[in-house]
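Step one of this worksheet: look at the structure below.
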Amino acid sequence: MATKERQADDAGIAAQVFDNSDFGYYKVNIERPDRRKAQFSAERIETLRFDKSLREPMQWIYSQWGEIVYQPGTLDEREKAILVWCDENELNLNTKNRQKLLSPSTWQKQLDLVQTAKALMAAIGEAESSDFNRFKDRVDAALKAQGIKLSAGDKKAILNAVSWYDETAEKIIAQKLKLGGDKLDQLLHHLDCTEQDLPDFGHYPTDKKGEYLSYETNTDLRDSESIPLKGNIHSYFLAEVKPHVAEAWINLDSTKIGYEISFNKYFYRHKPLRSMAEVASDIIALERQAEGLIADILGIDVSQI
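756 is the number that the working numbering gives to position 170 of the sequence shown; each next residue is one higher, with no gaps.
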């Protein structure tokens, strides 16, 4: 940025010249690892009975008719009553969600999840686990032993139903990576960092040479930082983020570039406050004016009082 002052006695700035990058910034996500405890229980499993997007109407229907909702024809026979209740409670279901709510396959899918979760609880038990990685391995082993095949989405639904975030739990491992040779060089070039800096970008070395762990992110803990375009993302992270959140890392692939002109920052000129003597003088003058005004309103000659 270059500033040109006015000539002679003219006050203020005549012109300012900026680079485009003066107004630019990087916006980058700062991630933190997910940490979860897990435990099978009848109460947690029961939440699987209802589709997450239709939980309220499904809960009402089940509370009204119980297990007979799984019998053929039940939902068709009660369609009118169900839709009236939805309208009265202002659920505003679109056509797709109405069809989904009244479809026997929706209810059967959720029931299958409940039954699968109960089978897993019988095999694994109801002990609480602070290591979600081991808990998940036990679930996978139990599914294999019982010959149960689940889609990735259904298995995730069960695991989410019986787990919750806890900052004292172990971090959840997303994957193990083997990095070496050209693969490592390409990553370091992409991140513009050294091998020692990789943890700042979410790659954590293990005891095995060339092996790195990455962790699942917790989206509720995700933050974003705006960094001047003429600055350095990693340097900013080391100075402003890592000292406060040691386990955070930079999601460099989330980086976006934006521009914003802050008029206050570039064009506002501070005016010094007046001295106390000047302020006091103005107050006294106003008091005198007020006295004269009141006397005029009341028709009083102040000199005669």
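All C-beta atoms, glycine included, are put in the ideal place defined by N, C-alpha and C. From a predicted model like this one, the values you see are computed outputs, not experimental measurements.
Buried or exposed: which applies to residue i, given that a residue is buried once 16 or more other Cβ atoms fall within 10 Å of its Cβ?
i, result
"Phe849", "exposed"
"Lys613", "exposed"
"His856", "exposed"
"Ser715", "buried"
"Phe636", "buried"
"Val725", "buried"
"Tyr798", "buried"
"Lys741", "buried"
"Asp786", "buried"
"Val670", "exposed"
"Leu838", "buried"
"Gly767", "exposed"
"Gln696", "buried"
"Ala731", "exposed"
"Leu859", "exposed"
"Gly788", "buried"
"Ala834", "buried"
"Ala747", "buried"
"Ile870", "exposed"
"Ile847", "exposed"
Report the CB separation of residue i from residue j in whole angstroms; it is logged as a contact under 8 Å.
i, j, result
"Lys757", "Pro619", "4 Å"
"Lys762", "Gly796", "The Cβ separation is near 11 Å, so there is no contact."
"Arg622", "Ala755", "6 Å"
"Tyr656", "Leu815", "In fact, because the Cβ distance is near 59 Å, the residues do not count as touching under 8 Å."
"Glu617", "Thr841", "At roughly 13 Å, the Cβ-Cβ gap does not stay under 8 Å, so Glu617 and Thr841 are not in contact."
"Cys672", "Leu679", "6 Å"
"Asp783", "His830", "Not quite, the Cβ-Cβ distance comes to about 18 Å (not below 8 Å), so this is no contact."
I need the boundaries of the alpha helix (DSSP H) containing residue i, first residue and last residue.
i, result
"Asn719", "718-731"
"Tyr656", "First-last for Tyr656: undefined, no H or E at that position."
"Cys672", "665-674"
"Thr792", "Looking at the DSSP string, Thr792 is not in any alpha helix (DSSP H), and its letter there is neither H nor E."
"Gln694", "690-710"
"His856", "First-last for His856: undefined, no H or E at that position."
"Asn683", "681-687"
"Ser821", "819-822"
Which residues does DSSP list as the beta-bridge partners of residue i?
i, result
"Ala624", "Ser715, Ser749"
"Glu797", "Lys764"
"Ile759", "Tyr801"
"Ile836", "Ile616"
"Gly844", "Tyr611"
Are the beta-carbon atoms of residue i and residue j separated by less than 8 Å?
i, j, result
"Lys704", "Ile631", "yes"
"Leu634", "Asn683", "no"
"Pro658", "Leu687", "no"
"Glu712", "Phe626", "yes"
"Ser810", "Asn675", "no"
"Glu734", "Thr702", "Reading off the sequence, residue 734 comes out as Ile, not Glu. Yes, Cβ-Cβ distance for Ile734 and Thr702 is below 8 Å."
"Ile744", "Leu699", "yes"
"Ile843", "Phe823", "no"
"Ser749", "Phe718", "yes"
"Tyr790", "Ala760", "no"
"Ala727", "Leu706", "no"
"Gln602", "Tyr852", "yes"
"Leu773", "Thr780", "no"
"Phe721", "Ala628", "no"
Quick check on the DSSP output: the beta strand (DSSP E) that includes residue i runs from which residue to which?
i, result
"Asn615", "610-617"
"Ile813", "809-814"
Any heavy atom of the ligand GDP closer than 7 Å to the beta-carbon of residue i?
i, result
"Ala705", "Summarising the ligand content, the structure contains no ligands, and the ligand GDP is consequently not present."
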